[in-house]
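*Asks:*
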Amino acid sequence: MLVISYGKEIEKITYETLAASDICEYLRPHFSVAIKPNLVVSRPADDGATTHPEVVEGIIRYLLDFGVSAHKISIIESSWLGDDTRRAFFACGYEPLRDKYGVELFDLKQDDCKSLEYKGLSMQICRRALETDFLINVPVLKAHCQTRLTCNMKNLKGCIPDTEKRRFHTLGLHKPIASLNALIKTGYCVVDGICGDLTFEEGGNPTYANRIITGRDPVMIDSFCAELIGYQPSDIEYLLFAKKWGVGEFYSPEIIIKELFADKKPSNIMKAARVAARYEKNITEKSACSACYAALVHALHRTGGAGGQKFAIGQGFTKESENQNVGIGNCTKNLSRYVPGCPPKATEIIKIIEGV
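Position 1 of the sequence shown, counting from 1, maps to 1 under our numbering, and the rest follow consecutively.
(1) According to the Cβ coordinates, are Ile229 and Ile4 closer than 8 Å?
(2) How far does the alpha helix (DSSP H) with Val56 in it extend, from its first residue to its last?
(3) Quick one: give me the first and last residue of the alpha helix (DSSP H) that Met153 is part of.
(4) What does a CB cutoff of less than 7 Å around Asp112 pick up in its chain, not counting 5 residues either side in sequence?
(5) Among Tyr6, Ile160 and Pro218, which residue has its Cα nearest to the Cα of Thr150?
(6) Enumerate in chain order the residues of its own chain whose CB-to-CB distance from His52 is below 7 Å, with the five nearest sequence positions on each side excluded.
(7) Answer yes or no: do Cys145 and Glu201 have a C-beta to C-beta separation smaller than 8 Å?
(8) What's the C-alpha gap between Ile76 and Arg98?
(9) Take the Cβ of Thr163 as the centre, count every other Cβ of all protein chains shown within 10 Å, and call the residue buried at 16 or more, exposed below.
(10) I need the DSSP call for Lys281, collapsed to helix, strand or coil.
(11) In terms of DSSP beta bridges, what is Gln124 paired with?
(12) With a threshold of 16 other CB atoms inside 10 Å of the CB of Ser115, please say whether the residue is buried or exposed.
(13) Expressed to the nearest angstrom, what Euclidean distance is found between the alpha-carbon atoms of Thr357 and His71?
(14) Which residue comes first and which comes last in the beta strand (DSSP E) that contains His71?
(15) Looking at Arg166: is its Cβ nearer than 8 Å to the Cβ of Gln324?
(16) For Phe31 and chain D, any beta-carbon pair shorter than 8 Å?
(17) Check the C-beta distance from Pro340 over to Leu81 and give it rounded, since I have them as a contact under 8 Å.
(18) Here's the rule: buried if 16 or more other CB atoms are within 10 angstroms of the residue's CB, otherwise exposed. What is Cys24?
(19) Decide if the region 120-139 is in contact with the region 82-90; the criterion is three or more beta carbon pairs, one per stretch, under 8 Å apart.
(20) Roughly how many angstroms lie between the CA atoms of Ser42 and Phe90, to the nearest whole one?
(21) Taking the alpha-carbon positions, what's the Pro176 to Tyr118 distance?
(22) Could you check if Ser223 is buried or exposed, using at least 16 other CB atoms within 10 Å of its CB as the buried criterion?
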């Protein structure tokens with residue numbers, strides 16, 4: 001079952017959506033609960049990249065009313081490479097939740113890890129994500145430069161250390177993401193569909209839909225959300241692996257959908273802009289991390305293209321000093337020209353594009 005609600009009173013509709021869902025079939029009052037938002041960058045939710053604190057507050061209120069003790073509730077996250085989780089907690093408005101409700105803010109970058117294996121792929125996973133009794137995944141529904149969609153499944157990438165985040169990119173992202181979702185058991189999903197950016201995962205171009213989506217199966221919800229923004233589930237490779245491996249099922253018309261506050265349902269059609277695809281001819285990519293790739297695409301989009309310039313990006317360029325492309329990020333420092341940073345700033349890439 002999916003429950004979808006609409007409206008601008010974010011905390012209220014989140015609470016009401018959970019109250020109308022089947023979460024009570026799986027949750028128990030004595031459980032420890034870890035809430036995993038998407039705080040990939042230190043930017044407020046209205047930019048379209050991060051989870052609204054009001055969504056998480058609605059979840060906390062529901063948990064407390066259900067009987068879960070505040071000291072058993074934590075908000076866990078690890079921001080992407082190049083950003084600081086504690087700064088993100090502050091910038092995204094999560095410290096007031098800690099102070100108001102007495103819940104813990106836990107930086108997974110500081111956590112111990114456990115090595116697990118699935119389908120022959122071993123990986124390090126933060127223990128807090130594995131050892132909680134009930135993980136509530138709270139992603140933003142938005143586009144992604146490399147995987148097209150980022151929602152529940154990709155949001156769990158914040159539950160691995162930075163070294164593994166880099167390695168996931170060397171492995172092609174899709175199989176590791178599917179494997180990660182097989183190893184971390186999601187208790188419930190609460191999708192922040194208020195104003196996700198449908199061009200870049202780092203935000204800046206929010207598309208308002210004022211929507212909250214809840215359900216149990218992350219694969220099913222992500223396949224549903226893919227269609228909401230103009231993709232078929234088969235367009236998202238990690239969804240195909242997850243379905244094949246039995247991690248979850250795709251959405252089908254037989255799935256029950258319960259809508260709340262349907263009179264506030266937006267009339268606009270959400271559709272991913274597929275901005276990254278416009279600039280593929282300018283980019284040679286080898287195992288690039290999302291932060292670098294997003295900065296490059298953002299710079300190209302801001303300038304309307306590269307005027308024929310070619311860019312090399314990714315960990316695979318460390319030994320290719322003879323490459324004549326402009327390198328993006330510290331991994332390309334052996335190229336004759338490169339923009340330093342991990343990740344580099346889009347403003348610095350723009351200077352190269354514009355010849356400043």
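Every residue gets a Cβ at the ideal spot worked out from N, C-alpha and C, and that includes glycine.
This structure is a prediction, so every number in the text was calculated from the model and none was measured.
*Replies:* So, from the listed chains and residues:
(1) Position 229 of the sequence shown, counted from the start, is the residue given in the question as residue 229. Position 4 of the sequence shown, counted from the start, is the residue given in the question as residue 4. Their beta carbons are not under 8 Å apart, which means Ile229 does not touch Ile4 by this criterion.
(2) On the sequence shown, position 56 is the one that residue 56 refers to. Where Val56 is concerned, the enclosing alpha helix (DSSP H) stretches over Pro53 to Phe66.
(3) To locate residue 153, count along the sequence shown from 1; it is residue 153. Start and end: Asn152 to Asn155.
(4) As a working mapping, residue 112 is identified with position 112 in the sequence shown. Arg127.
(5) Locating residue 150 in the sequence shown gives position 150, where the first residue counts as 1. Each of Tyr6, Ile160 and Pro218 was checked against the Cα of Thr150, and the nearest Cα belongs to Pro218.
(6) The sequence position of residue 52 within the sequence shown is 52, counting from 1. Only Ile10, Ala45, Asp192 and Ile194 meet the Cβ criterion.
(7) Residue numbering aside, residue 145 sits at position 145 when the sequence shown is read from its first letter. Residue numbering aside, residue 201 sits at position 201 when the sequence shown is read from its first letter. Closer than 8 Å, so yes.
(8) Within the sequence shown, the letter at position 76 stands for residue 76. Within the sequence shown, the letter at position 98 stands for residue 98. Looking at the two C-alpha atoms, the distance is approximately 12 Å.
(9) Position 163 of the sequence shown, counting from 1, holds the residue named residue 163. Classification for Thr163: exposed.
(10) For the purposes of this step, residue 281 is identified with residue 281 of the sequence shown, where counting begins at 1. Three-state result, Lys281: helix.
(11) Residue numbering aside, residue 124 sits at position 124 when the sequence shown is read from its first letter. BP columns for Gln124 point to Ser115.
(12) The sequence position of residue 115 within the sequence shown is 115, counting from 1. Around the beta carbon of Ser115, a 10 Å sphere encloses fewer than 16 other beta carbons of the protein chains shown; the residue is thus reported as exposed.
(13) No answer is possible for residue 357: the residues shown for the chain start at 1 and end at 356.
(14) Position 71 of the sequence shown, counted from the first residue, corresponds to residue 71. First-last for His71: undefined, no H or E at that position.
(15) One-based indexing of the sequence shown puts residue 166 at position 166. One-based indexing of the sequence shown puts residue 324 at position 324. Not closer than 8 Å, so no.
(16) Absent from the structure: chain D. Only one protein chain is present.
(17) For the purposes of this step, residue 340 is taken as residue 340 along the sequence shown, with counting starting at 1. For the purposes of this step, residue 81 is taken as residue 81 along the sequence shown, with counting starting at 1. With 8 Å as the limit, Pro340 and Leu81 do not qualify as a contact, their Cβ atoms being about 14 Å apart.
(18) Numbered from 1 along the sequence shown, position 24 holds the residue referred to as residue 24. Cys24 comes out exposed.
(19) no
(20) By 1-based counting over the sequence shown, the position of residue 42 is 42. By 1-based counting over the sequence shown, the position of residue 90 is 90. Whole-angstrom Cα-Cα distance: 8 Å.
(21) For the purposes of this step, residue 176 is taken as the residue at position 176 of the sequence shown. For the purposes of this step, residue 118 is taken as the residue at position 118 of the sequence shown. Taking the straight line joining both Cα atoms gives about 9 Å.
(22) Reading the sequence shown from its first residue, position 223 is the one you call residue 223. Buried, by the Cβ-count rule.
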